[in-house]
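**Q**
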Amino acid sequence: MTMKSATLAIALVTGTLAAAAYPAPARAGDVSSAQLACYVDTYAYDQYQTGFCASVWAPRRATNPTTAVFQVVGLPAGNYYFQWRNLETGGALSCTSSQCTTSIATETRGDGEAMLEVTITDAATGARRTVAAVAHYYDGYN
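With mature numbering (1 follows the signal peptide of the UniProt record, and there is no 0) as the guide, the letters of the sequence shown map in order to residues -28 to -1, 1 to 114.
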């Protein structure tokens, strides 16, 4: 028996692989784990970060202004309603899905910030949760 297969056998016996392979089942109507993630769209391979995201503008590496992308994460399968709000202006946004985008400019061309909030409502149970995230866009050239 090789070291690799021995390690696998021990992991199977102790259940460490089984626990990792089978996460707890999702519960319908449970919005408690929902979070808001975002990224600032540049020419790089941008990835979502929960609660806060930031990017730096430089010539030929991004546009200015660009788009801040917000996405609800952590929801189990189900039907949900989404109500989006811009926390800077207090105004409602027209987004109706789990994703919303807004324009963002660096602090030298705007305020360099986008703050959105979304209230998620489970259509079956009425359970609600409000989450928010902040995106920052910095000028790395001027």
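Heads up, the beta-carbon is just placed ideally off N, CA and C, and yes, glycines get one too. Bear in mind the structure is a predicted one, so any value in this text is a computation, not a measurement.
Quick check: VAL106 and CYS25, are their CB atoms within less than 9 Å of each other?
**A** yes
**Q** Residues in the same chain with beta-carbon distance under 7 Å from THR91, minus the five sequence neighbours each way, listed in chain order, please.
**A** GLN55, ARG100 and THR102
**Q** Among residues of its own chain, excluding the 5 on either side of GLN21, which ones have a beta-carbon nearer than 8 Å to its beta-carbon?
**A** ALA9, CYS10 and TYR11
**Q** Quick one: grab the DSSP three-state call for LEU8.
**A** strand
**Q** Which residues bound the beta strand (DSSP E) around ARG101?
**A** 100 to 111
**Q** Is it buried or exposed for VAL44, if we count other Cβ within 10 angstroms and need 16 for buried?
**A** buried
**Q** According to DSSP, is ASP18 helix, strand or coil?
**A** coil
**Q** In the DSSP assignment, find the unbroken beta strand (DSSP E) run with CYS67 in it and report its ends.
**A** First-last for CYS67: undefined, no H or E at that position.
**Q** Contact defined as beta carbons within less than 8 Å: I believe TYR109 pairs with SER27. What is the distance between those atoms, to the nearest angstrom?
**A** 6 Å
**Q** Please report the residue range of the beta strand (DSSP E) in which VAL28 lies.
**A** 24 to 29
**Q** Where do the N-terminal and C-terminal ends of the beta strand (DSSP E) with THR78 fall, by residue?
**A** Element bounds for THR78: n/a, residue is neither H nor E.
**Q** Just confirm the distance between the C-beta atoms of GLY1 and ALA96, as a whole number of angstroms; I'd bet it's less than 8 Å.
**A** 6 Å
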